[in-house]
Amino acid sequence: MKKTIALSVFDAPSKLKLKPKKKPPISDDKLTQSLEDLTLNSKPKKTSAPNFNKVVEANSRAINRAEKMADKFETIFKFKAVKNPGKYDADYIVTLKPEHKNLTLKQVMEILQQHRSSETYKRKKLDIRINIGGESRGFRQDPSHRGQVVTKTLTQGYKYSFYDTKKYKDGYDESSSILDKGTSSSSTATSILTALNSSINDQKDLLTTLNDDALQAAISLISFSQVAEATPGRTPGMNKLARGSLQKIANGESSFTQEFNKTNGAYYPAADGGTEGARKSILEQGPQRKGYKVISTHSTRHTTTETKEVTYIKEDYSGSISDSSADEST
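In the working numbering, the protein residues as written are 1205 to 1534.
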């Protein structure tokens, strides 16, 4: 029997409707400054959680600024309609306007989280193309249910071909396995964190140590953990937790497989039932992992059948949740 929990705080996306734009347009400088104020200068709410408080604070900040960030979603990007969306599997190609390239990659990912809060594009499939590591790379971002989005990369990760669509190769296990090969996991995680914390203008040569497969895996991991897992329809703040996992790998304390595998990875939102577990983690201020409780056993001569109930187990989180940046953004 599966437990269902009503979580009104996560129904917030239905309320995130844009207000009519009556204000006159603001200058690019002021807009960029307002984005920096939203992502860098938000004051966290206090919490008594001993280990998990940074993620709880990130969740509060993200929820508090969601409506304003949704407005920025339509402001900082250019949307070019695709002529044949059925074949291309996207409705718009989305790029960052040049005047906003002083934003960090992490900040751009935070604004992409608001896809489903945009009145204009919330039901559209988007082909996101961002300068990541010095070249235009990206992923597809599709609307899903209850304010969520699904992200996926092309087979070649960032090499776009009109005919090479609907061929996706994504997943936490697949990405982790690739990223643990080749160069050391520590240096790979350091490169990804450096890219996330650097402005779009400063991305050049940041991921040059990664081969094509590793680049595709890195972009998949970034899109999953920094956008999809942290949308208002899922659990804002889980991008912060993912950067904590990346920092542990960069410190040589863990690996991509240990952190991001779908069975028992430390980054539990990736696992089966991870979305509900992440929500419970925020509400109860501590990590919750999906488990099963045997409630009855029936044996016959040949077989034994167990009836199991889904349960969520609270566990200690001894790892570092803070990432390498000093700001207070999500």
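All residues carry an ideal CB built from backbone N, CA and C; glycine is no exception.
Computed from a predicted structure; not experimentally measured.
For the candidate residues Phe1460, Thr1507, Leu1419 and Glu1433, whose alpha-carbon lies nearest to that of Gly1481? Along the sequence shown, one-based indexing puts residue 1481 at 277. Comparing Cα positions, the closest option is Glu1433.
Could you tell me the alpha carbon to alpha carbon distance between Ser1391 and Leu1411, rounded to whole angstroms? Position 187 of the sequence shown, counting from 1, holds the residue named residue 1391. Position 207 of the sequence shown, counting from 1, holds the residue named residue 1411. Between the alpha carbons of Ser1391 and Leu1411 lies a distance of about 10 Å.
Please say whether Asn1443 and Gln1317 have beta carbons closer to each other than 9 Å? Sequence index remark: in the sequence shown, residue 1317 carries index 113 (1-based). Sequence index remark: in the sequence shown, residue 1443 carries index 239 (1-based). In this structure, Gln1317 lies near Asn1443, with their beta-carbon atoms less than 9 Å apart.
Below 8 Å, how does it come out for the stretch 1269-1276 and the stretch 1443-1455: are there three or more Cβ pairs, yes or no? With a cut-off of 8 Å on Cβ pairs, the stretch 1269-1276 is not in contact with the stretch 1443-1455, counting fewer than three such pairs.
Pick out whichever of Asn1288, Ile1396, Glu1457 and Val1286 has its Cα sitting closest to the Cα of Thr1413. Within the sequence shown, numbered from 1, the residue matching residue 1413 stands at position 209. Among Asn1288, Ile1396, Glu1457 and Val1286, the Cα nearest to that of Thr1413 is on Ile1396.
Quick one: what's Gly1441 bridged to in DSSP? Residue 1441 sits at position 237 when you count from the first residue of the sequence shown. DSSP, once it has assigned bridges, lists no residue as partnering Gly1441.
Cβ-based neighbour list, Tyr1372, same chain, cut-off 6 Å, excluding 5 preceding and 5 following: The residue labelled residue 1372 in the question sits at position 168 within the sequence shown. Residue confidence for Tyr1372 is low, a pLDDT of 46 falling below 50, so the modelled location carries little weight; the figure read from the coordinates is stated next. Closer than 6 Å at the Cβ level, and outside the excluded window around Tyr1372, lie Lys1356.
Ser1449 to Thr1398 span [Cα, whole Å]: Along the sequence shown, one-based indexing puts residue 1449 at 245. Along the sequence shown, one-based indexing puts residue 1398 at 194. Those two C-alpha atoms are separated by around 14 Å.
Taking the alpha-carbon of Lys1305 as reference, which of Arg1333, Val1354, Ala1475 and Arg1438 has the nearest alpha-carbon? As a first step, residue 1305 must be located in the sequence shown, where it is residue number 101. Nearest C-alpha to Lys1305: Arg1333.
Beta strand (DSSP E) containing Asn1335: first to last residue? In the sequence shown, residue 1335 corresponds to position 131, counting from 1. Taken as a continuous stretch (DSSP letters only), the beta strand (DSSP E) holding Asn1335 covers Leu1330 to Ile1336.
Any idea if Glu1513 is buried or exposed, counting beta-carbon neighbours within 10 angstroms, 16 or more meaning buried? On the sequence shown, residue 1513 is found 309 positions in, with the first residue counted as 1. Exposed, since its Cβ has fewer than 16 Cβ neighbours within 10 Å.
9 Å Cβ cutoff, Asn1401 in contact with chain D: Absence of chain D from the displayed structure is noted, only one protein chain being present.
So, for Gly1490: in the same chain, excluding its five sequence neighbours on each side, which residues have a beta-carbon less than 6 Å away from its beta-carbon? Start at 1 with the first residue of the sequence shown, and residue 1490 comes out as number 286. For Gly1490, where only same-chain residues beyond five positions count, the Cβ hits under 6 Å are Phe1256 and Lys1518.
Does DSSP put Glu1378 in a helix, in a strand, or in coil? Numbered from its first residue, the sequence shown carries residue 1378 at position 174. The DSSP-derived three-state label of Glu1378 is helix.
Evaluate Ser1322 with the Cβ neighbour count: other Cβ atoms within 10 Å of its Cβ, from every protein chain shown; 16 or more gives buried, anything less gives exposed. Here residue 1322 refers to the residue found at position 118 when the sequence shown is read from its first residue. Counting Cβ neighbours within 10 Å, Ser1322 comes out buried, since at least 16 surround it.
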